[in-house]
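Student: Sharing a structure with you now.
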Amino acid sequence: MKNCGKVLFYSYIMNIFDLVATLMLVMRFGLDVEGNPFGRLLLSQPVWAFVYKVFGIAALLLVLYLFRSRKLAVYGSYTVFFAYSALSIYHLAIIAMTAV
Numbered sequence: 023m024k025n026c027g028k029v030l031f032y033s034y035i036m037n038i039f040d041l042v043a044t045l046m047l048v049m050r051f052g053l054d055v056e057g058n059p060f061g062r063l064l065l066s067q068p069v070w071a072f073v074y075k076v077f078g079i080a081a082l083l084l085v086l087y088l089f090r091s092r093k094l095a096v097y098g099s100y101t102v103f104f105a106y107s108a109l110s111i112y113h114l115a116i117i118a119m120t121a122v
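Residue numbers (this note's numbering): 23 to 122.
Listed below in structure tokens is the structure:
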């Protein structure tokens with residue numbers, strides 16, 4: 023698919039935003055704000071969260087990109103994009119509500 027690279031690029035950008043927003047919220051409200059148990063484990067050592075989000079997710083998105091000629095990879099790419107879009111909207115809403 024022609025747009026697969028762009029979709030995955032924007033997914034990666036939203037992934038980094040997710041990391042930054044999550045770190046902001048954890049610094050402000052504590053580790054319990056993270057609802058994902060695996061994420062909470064990673065955030066107990068923020069360096070590992072950084073390594074996973076920057077390099078691990080990049081590797082997984084690269085795999086999707088390399089298989090972009092297959093329908094399943096294209097569907098997976100769009101699923102990742104929409105999941106990160108929803109997560110970004112959620113983070114923006116939480117940040118806006120707690121900015122007061």
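Think of the CB as a built atom: it goes at the ideal place given N, C-alpha and C, for glycine as much as any other residue.
Count the other C-beta atoms from every protein chain shown that fall within 10 angstroms of the C-beta of K24, then say buried if there are 16 or more, exposed otherwise.
Tutor: It counts as exposed.
Student: Taking the alpha-carbon of G27 as reference, which of L114, M46, S66 and Y97 has the nearest alpha-carbon?
Tutor: When each option's Cα is compared against that of G27, the closest is Y97.
Student: With distances taken from CA atoms, which of A115, V102 and L88 is nearest Y32?
Tutor: The shortest Cα separation from Y32 among A115, V102 and L88 belongs to V102.
Student: Would M49 be called buried (16 or more neighbouring beta carbons within 10 Å of its own) or exposed?
Tutor: M49 should be labelled exposed.
Student: Return the first residue and the last residue of the alpha helix (DSSP H) that S99 is part of.
Tutor: Start and end: K93 to T120.
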